[in-house]
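Enquirer:
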Amino acid sequence: MRTNRNRLAAAVLTLAAVALSTGTASAAPGGSTGPSSSDAPYLVRHTSGITFTSVLTTGDSVGGYRMAGIPDGLGAYDNGDGTFTLLMNHEIAKNAGVPRAHGGAGAFVSKWVIDKQTLKVKSGSDLIQKVFLSDGGRFTETPGAVFDRFCSADLPSVSAFYNAATGKGYNGHIFTNGEETSGGRAFAHVVDSGESYQLADLGTASFENVVANPGTGDKTVVSGTSDTGGGAVYIYVGDKKSTGNPVEKAGLTGGTRYSISVPALPQEDGAKPVPAGPLPFTLDAAGATKWDRPEDAAWDPNNPNDLYFTTTASMDKHSRLWRARFDDITDPAKGGTVEMLVEGPAGGQDGPRMMDNITVNDRGQVLIQEDPGGNSYLAGLYQYDISSGAIRRIADHDPERFLPGGPVFDTIDEESSGIIPAPFLGAGKYLLDVQNHTKLADKELVEKGQLLVLNVPPGQPLR
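Residue numbers (mature numbering (1 follows the signal peptide of the UniProt record, and there is no 0)): -27 to -1, 1 to 436.
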């Protein structure tokens, strides 16, 4: 989730072997342990009515397949048979982990089938079976390809890559992500086949996420965020096709990558004020506004012209939530406006701080996850109401585990990530995960982590 971790020695304790059984806790009020999880939820409610259920914890085994650590970006869909499929990035570095089904170690995507009613995990497997790398001209199957730090992810509606009105595009699920590293690559993973394709026309960046807009017709519009100081917010524009492999049909090849350029804000600095918005922007193939660590991005399901994104900055700077509003998302070159919606404090213990991963629900709310980067600050989860501008903290990481002196203390280096709406589980339900950056000696697992279900009662007002 981050490129430079400021880890405090006191937070880590022993970086060598940490037993999986160490630090097992009982569930806090509002928390419950699912039938397949070996530990209670790593998150606890901050606001009454909020509940968490732990679904899987690093090291848990289903049919011999174990959940590895550093879980990150998620995608999920209803199977229509009482189960749902969950896809999970694992943000493992290229020189860590163990060889996966495609032959390479490093980052990978796990695939889980889970019962909707009980949350019992029925099966687990590697999503990626074959890898096709590209130089921009052709795809070459590359056994043993190694991936580096898959971060956030997107599993958009099928309409993002298929236009039912014209029959153009790929009519199936495509899971997208990128490598959060210098010169990182973007990838599209075809869920039905397990084939993964490098998206060379999206360029390289320290990709936090690669998110596709589901309402662009025969056009394919994808935003990519580059998590570095002075990073860009990219917009790729391509055309869906009737022939080719899945990513060629989906319009993920042959297009052009642009950057959001705000003339009134050539460079954002979290230590400095920004001009009052909305600020006009254009798409530029060469230049770009330099943002202070642009992290996650999400399209508004109710307003397809609106893209929300965060700039994380640092603990002594202002972290911000932004909205880019396109004049016409089917013709992104027309540009639009950018507006800052939330500005977190610089310093102190109030939040939101270092805003990172987000999702936008169909009730006009943005769920925001903090990543304080190993600083002495208990990371939380926020809910922002678009129409009123109200924001509230709804959840915290478990202080018994993530504050020094806690009875089952692990580390102060914690973050939640990957949050997505899960309407097939009921109104107000979300899937998300926690990266507990406690090292494990087991090479397959790498670090601790957990998958959870969050319930936010949809009728609760924001105050």
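No residue lacks a Cβ here, since even glycine has one placed at the ideal position from N, Cα and C.
Being a predicted model, the structure only gives us computed values, none of them experimental.
1) At what residues does the alpha helix (DSSP H) containing residue 220 begin and finish?
2) Whose C-beta lies closer than 8 Å to the C-beta of residue 36 among residues of the same chain, with five residues either side of it excluded?
3) Between the region 6 to 23 and the region 53 to 67, are three or more C-beta pairs nearer than 8 Å?
4) Can you check DSSP and say which residues form a bridge with residue 255?
5) Tell whether a beta-carbon distance below 8 Å holds between residue 325 and residue 317.
6) Just how far apart, CA to CA, sit residue 45 and residue 235?
7) Using 8 Å for Cβ pairs, my map puts residue 269 next to residue 284. What's the rounded Cβ distance?
8) When you compare the region 247 to 264 with the region 114 to 131, are there three or more beta-carbon pairs, one atom per stretch, that lie closer than 8 Å?
9) Answer with buried or exposed for residue 300, where buried requires no fewer than 16 other C-beta atoms within 10 angstroms of its C-beta.
10) Exposed or buried, what is residue 307 when buried is set at 16 or more other beta-carbons lying within 10 Å of its beta-carbon?
11) Could you check the C-alpha separation between residue 357 and residue 23 for me, to the nearest Å?
12) In whole angstroms, give me the CA-to-CA distance for residue 222 and residue 275.
13) In whole angstroms, what is the alpha-carbon distance linking residue 239 and residue 265?
14) Does the pairing of the region 44 to 60 with the region 122 to 129 give three or more beta-carbon distances under 8 Å?
15) Taking all protein chains shown into account, do 16 or more other C-beta atoms lie within 10 angstroms of the C-beta of residue 141, making it buried, or fewer, making it exposed?
16) Fully enclosed by the region 351 to 410, which alpha helix (DSSP H) runs are 4 residues long or longer?
17) Measuring alpha carbon to alpha carbon, tell me which residue in 369, 409, 386, 289 is nearest residue 2.
18) To the nearest whole angstrom, what separates the beta carbons of residue 463 and residue 328, a pair I think is in contact under 8 Å?
19) So what does DSSP say about residue 164, is it helix, strand or coil?
20) Mark residue 110 as exposed unless 16 or more other C-beta atoms lie within 10 angstroms of its C-beta, in which case mark it buried.
21) Starting from residue 204, trace the beta strand (DSSP E) in both directions and tell me its first and last residue.
22) Under three-state DSSP, which class holds residue 305?
23) List the whole-angstrom C-beta distance separating residue 172 from residue 220, where the pair is believed to meet the contact cut-off of C-beta under 8 Å.
24) Do residue 406 and residue 423 have their C-beta atoms within less than 8 Å of each other?
25) Report all residues from its chain with a CB closer than 6 Å to the CB of residue 61; omit the five preceding and five following residues, and keep chain order.
26) From what residue to what residue does the beta strand (DSSP E) around residue 297 run?
27) Just grab the DSSP bridge partners of residue 155 for me.
28) Between which two residues does the beta strand (DSSP E) containing residue 105 stretch?
Expert: Walking through what the data contain:
1) It spans 219 to 222 - the alpha helix (DSSP H) in which residue 220 sits, taken as one unbroken run.
2) Excluding positions up to five away in sequence, the list reads 96, 97.
3) Contact fails: fewer than three Cβ-Cβ distances are below 8 Å.
4) Looking at the DSSP assignment, residue 255 forms a beta bridge with 234.
5) With respect to the 8 Å criterion, residue 325 and residue 317 are classified as neighbours on the basis of their beta carbons.
6) Rounded to whole angstroms, residue 45 to residue 235 spans 30 Å at the Cα level.
7) Between the beta-carbon of residue 269 and that of residue 284 there is about 10 Å, and that puts the pair past the 8 Å contact cut.
8) Three or more beta-carbon pairs separated by less than 8 Å are not found between the region 247 to 264 and the region 114 to 131, which leaves the two stretches without contact.
9) Of the other Cβ atoms in all chains shown, fewer than 16 fall within 10 Å of the Cβ of residue 300; this residue is therefore exposed.
10) Around the C-beta of residue 307, fewer than 16 other C-beta atoms lie within 10 Å, and the residue is accordingly described as exposed.
11) Looking at the two C-alpha atoms, the distance is approximately 15 Å.
12) If you take the alpha carbons of residue 222 and residue 275, they lie about 26 Å apart.
13) Straight-line spacing of the CA atoms in residue 239 and residue 265 works out to 11 Å.
14) Yes, the region 44 to 60 is in contact with the region 122 to 129.
15) With 16 or more other Cβ atoms within 10 Å, it is buried.
16) Here the runs fully enclosed are 372 to 375.
17) Comparing Cα-Cα distances from residue 2 to each of 369, 409, 386, 289, the minimum goes to 369.
18) Summary: the structure shown does not reach residue 463, with the chain confined to residues -27 through 436, and so no result is reported for it.
19) Three-state DSSP puts residue 164 in coil, outside helix and strand.
20) The residue is exposed, with fewer than 16 neighbouring Cβ atoms inside 10 Å.
21) Start and end: 202 to 204.
22) In this structure, residue 305 counts as helix in the three-state DSSP scheme.
23) Yes, residue 172 and residue 220 are in contact; Cβ-Cβ is about 7 Å, under 8 Å.
24) The Cβ-Cβ distance between residue 406 and residue 423 falls below 8 Å.
25) Excluding residues within five positions, the ones whose Cβ falls inside 6 Å are 44, 47, 83.
26) That run of the beta strand (DSSP E) goes 293 to 299.
27) Looking at the DSSP assignment, residue 155 forms no beta bridge with any residue, so it has no partner.
28) Its beta strand (DSSP E) spans residues 103 to 107.
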